[in-house]
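Structure record follows, encoded as structure tokens.
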Amino acid sequence: MAKKKSSRKNREVLVVASKVKGYIKTKKMNTSADSIAALSNKIYCMIDEAATRSKANGRKTVKAQDV
0 MAKKKSSRKN
10 REVLVVASKV
20 KGYIKTKKMN
30 TSADSIAALS
40 NKIYCMIDEA
50 ATRSKANGRK
60 TVKAQDV
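Here it is, written out as structure tokens:
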């Protein structure tokens, strides 16, 4: 199993909070304080998996098919 990085709290947020909150508002829902960080962490995981798949296919470029 892959080793988890301990610097998870120091990561830069990859989502635009106002856009996420706006989208959630269109669903007539509220956004919790920790949801933006959780979404960002999920995106980091998705990117890591896509990069791994790209490397496994002998490429240095992450493509849509890797996501």
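Letter 31 of the sequence shown, counting from 1, is numbered 30 in numbering that gives the first Met the number 0, and no numbers are missing.
Just so you know, even glycine gets a beta-carbon here, dropped at the ideal spot from N, CA and C.
Note that the structure is predicted; figures quoted are calculated from it, not measured.
Secondary structure at L38: helix, using DSSP grouped into helix, strand and coil.
In the three-state scheme derived from DSSP, where H, G and I count as helix and E and B as strand, T60 is classed as coil.
Just so you know, the alpha carbons of V12 and A37 end up roughly 10 Å apart. Annotation for I23: T30 place their beta carbon closer than 6 Å to its own, counting only its chain and skipping 5 residues before and after.
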